[in-house]
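Asks: The sequence shown begins at 1 in UniProt numbering and counts up one residue at a time. Positions of the beta carbon are idealized from the N, C-alpha and C atoms, including for glycine. Starting off with a structure, shown below.
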Amino acid sequence: MDTNATAKPVAKEDKTKKPGWREKMMQELRRLGGNASEIAQPPPPLEEPLYRQPAQRRAPTAVVPAEAGGIPAQRVLSAPTVAAPPPRRPTMNMSDFTVARVIGMGAFGRVSLARHNGTGRIVAIKAVSKAFIVKNDQISHILDERFLMKRVAGYPFIVTLLGTFQDRDCLYFVMEYMAGGELFTHVRDNGVLNPQATRFYVAQMVLALEHLHGKGIVHRDIKLENVLMSAEGYIKVSDLGFSKVLHDNQRTHTMCGTPDYMAPEIIKGKGHNLAVDWWAVGCVTFELLDGYPPFYAAEIPDIYRRILAHKSGSLKFKPYVEQVSKDFVNQLLHPDPFQRLGSGPLGAKAVKAHPWFQGYDWEALAERCYMPPYKPKLTSPEDTSRFDRFDRLPPVESAQNLRPQQQAMFNPFTEYY
């Protein structure tokens, strides 16, 4: 949790009104130390939720539960002219899917390839252990991740969240499947990229960050493992687990992310903002051209020392890297966040205006009119050859010992869209 929710003065309670489900939840969140401010009206659903056939597409409709003050769902005989609200959306569960195999593992859980039985859509399902979340005090983070993924769902360069659900032991994120795998795997298997290919992938990261930053969202974990490739060869940014909304010139102080890509201001703990994402883009660009992150070391403390000792323009590049590429990376990896390319009021516009992107048609890229430099060789929409195998899977930790109040914290995951 980056910042603890602070108690605010409240008006004198009106005892003639019984609190609704939202008020009860916010009271419980405050009592347990959670982030009550994130319990808000969810955004409209996607146009094509998993349980509805595309032919039945209809305009998005916000759902207001009856407990929150809406008209009860049953017919009102005394007022037949008053329309009842739409029924609550059905709940998904794992029986709605046929799981193929695990394609990713992490500290919180695992990601599996699956087919939705009703629509036949191929999806990726991330299962996250509730017990692990509670044990590591990550409840607010997981709720934030769901909220932010819903907020940016549908943007072409960010992996789309299709729905969420839960059972006793796990929370589930249902996402679009990116059959091309991680950009990290592509570089590992095929070697460093030329400047043209590097520019193609980095440009899409720039558009993704421009969209996130336009909504005040800092990603804080940009790295090759969190950039996924589609079957067509385009990429999308994934994993908003460390993301946070920053208002105006707000700074946050949590030390989070992946060491190789951390900006110096994160390590110093003196506060950071959106500029840390541009530092990470500089690290990724260097890695695509060189094969290793710019501050790579075997031990994490040595990585931190190299980042903090870095001076502007001191990076050593391979001989074949052209000067304009060096200048682009050096400007992104400026140790002073106020001097860093992408920081300040221009943000992504300054990055897009750098000579490295001279002649780049950003509208054509957004419409996916460019020919990708590489297209994954896939045998079917369910091909998982671009993902590592995970033959030995640890059991999912049981959440049977969680208190009812702790389980209630995950209630937002029951409603999906």
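In chain order, what residues of the same chain have a beta carbon less than 8 Å from the beta carbon of residue 322, not counting five sequence neighbours either side?
Replies: Correct list, in chain order: 195.
Asks: Only counting runs of 4 or more residues, tell me where the alpha helix (DSSP H) segments fall wholly within the stretch 297-343, in order along the chain.
Replies: Whole alpha helix (DSSP H) segments, 4+ residues: 300-309 and 323-332.
Asks: Give the list of continuous alpha helix (DSSP H) stretches no shorter than 4 residues that lie fully inside the stretch 82-147.
Replies: Runs found: 130-135.
Asks: CB residue 200 to CB residue 370, shorter than 8 Å?
Replies: Result yes, Cβ atoms of residue 200 and residue 370 sit closer than 8 Å.
Asks: With a threshold of 8 Å, are at least 3 pairs of Cβ atoms found where one atom belongs to the stretch 203-214 and the other to the stretch 107-127?
Replies: The answer is no - the stretch 107-127 does not touch the stretch 203-214, with fewer than three Cβ pairs under 8 Å.
Asks: When DSSP labels each residue in this structure, what does residue 170 get in the three-state scheme?
Replies: Strand, per DSSP.
Asks: With DSSP collapsed to three states, give me the class of residue 396.
Replies: DSSP places residue 396 in coil when its eight states are reduced to three.
Asks: I believe residue 145 touches residue 240 by the beta-carbon criterion, under 8 Å. Please report the beta-carbon distance rounded to the nearest angstrom.
Replies: Sure, about 5 Å apart at Cβ, within 8 Å.
Asks: Specify, as a first and last residue, the run of the beta strand (DSSP E) that residue 235 falls within.
Replies: Element bounds for residue 235: 235-237.
Asks: Identify, in the order they occur along the chain, each residue of the same chain with its Cβ nearer than 8 Å to the Cβ of residue 148, setting aside the five sequence neighbours on each side.
Replies: The answer, listed in chain order, is 217, 240, 243 and 245.
Asks: I'd like to confirm the pairing. Which residues does DSSP put opposite residue 229 in its beta bridges?
Replies: The partner list for residue 229 (beta bridge, DSSP) reads 181 and 235.
Asks: How would you call residue 292, buried or exposed, if buried means at least 16 neighbouring beta carbons within 10 angstroms?
Replies: So residue 292 ends up on the exposed side.
Asks: Go through its chain and collect everything with a Cβ distance to residue 390's Cβ below 7 Å, but skip five positions before and after it.
Replies: Only 102 and 105 meet the Cβ criterion.
Asks: Which value, in whole angstroms, describes the spacing of the CA atoms of residue 342 and residue 332?
Replies: One C-alpha to the other measures close to 7 Å.
Asks: Return helix, strand or coil for residue 162, following the three-state DSSP convention.
Replies: Strand.
Asks: For residue 235, count neighbouring Cβ atoms within 10 angstroms of its own Cβ and tell me buried if that reaches 16, exposed if not.
Replies: Residue 235 is buried by the Cβ-count criterion.
Asks: From what residue to what residue does the alpha helix (DSSP H) around residue 250 run?
Replies: Residue 250 -> no alpha helix (DSSP H), and no H or E assigned at all.
Asks: Please tell me whether residue 348 and residue 209 are closer than 8 Å, where the distance is taken between their beta carbons.
Replies: Contact flag set, yes.
Asks: In three-state terms, what does DSSP make of residue 211?
Replies: Reduced to three states, the DSSP call for residue 211 is helix.
Asks: Using 8 Å as the threshold, is the C-beta distance between residue 231 and residue 180 below it?
Replies: Contact: yes.
Asks: Quick check on residue 272: does DSSP put it in helix, strand or coil?
Replies: In the structure shown, residue 272 sits in a strand (DSSP, three-state: E or B).
Asks: Classify residue 504 as buried or exposed, calling it buried when 16 or more other Cβ atoms lie within 10 Å of its own Cβ.
Replies: Nothing can be reported for residue 504, as the shown portion of the chain is limited to 1 through 417.
Asks: Who are the Cβ neighbours of residue 198 in its own chain at under 7 Å, not counting the five residues just before and after it?
Replies: Contacts found: 285, 288 and 289.
Asks: What does the alpha-carbon distance come out to for the pair residue 100 and residue 138?
Replies: Taking the straight line from one Cα to the other gives about 29 Å.
Asks: Give every residue of the same chain whose Cβ lies closer than 7 Å to the Cβ of residue 93, excluding the five residues on either side of it in the sequence, and list them in chain order.
Replies: Taken in chain order, the residues that qualify are 165 and 167.
Asks: Which one or two residues does DSSP pair with residue 175 in a beta bridge?
Replies: 124 and 161, per the DSSP bridge assignment.
Asks: Output yes or no for whether 8 Å exceeds the beta carbon distance between residue 397 and residue 131.
Replies: Cβ distance < 8 Å, so residue 397 and residue 131 count as in contact.
Asks: Using a Cβ-Cβ cutoff of less than 7 Å, which residues in the same chain neighbour residue 386 once the five nearest sequence positions on both sides are dropped?
Replies: Excluding residues within five positions, the ones whose Cβ falls inside 7 Å are 179, 180, 181, 185 and 376.
Asks: Taking its Cβ as the centre, do 16 or more other Cβ atoms sit within 10 Å of residue 126, making it buried, or is it exposed?
Replies: Buried, because 16 or more other Cβ atoms sit within 10 Å of the Cβ of residue 126.
Asks: Below 8 Å between beta carbons: does that hold for residue 264 and residue 345?
Replies: Contact: no.
Asks: Where does residue 192 sit, in a helix, a strand or coil, going by DSSP?
Replies: It is coil, neither helix nor strand.
Asks: Roughly how many angstroms lie between the CA atoms of residue 407 and residue 357, to the nearest whole one?
Replies: Taking the straight line from one Cα to the other gives about 49 Å.
Asks: With a cut-off of 8 Å on the beta carbons, I'd call residue 257 and residue 220 a contact; round off their distance for me.
Replies: Confirmed, about 5 Å.
Asks: Is it buried or exposed for residue 353, if we count other Cβ within 10 angstroms and need 16 for buried?
Replies: Flag for residue 353 reads exposed.
Asks: Please return the same chain residues whose Cβ sits closer than 6 Å to the Cβ of residue 432, not counting the five positions on each side in sequence.
Replies: The structure shown does not extend to residue 432, since the chain spans only 1 to 417, so no value can be given for it.
Asks: Thinking C-alpha only, which one of 133, 259 and 272 is nearest residue 337?
Replies: Closest by alpha carbon: 272.
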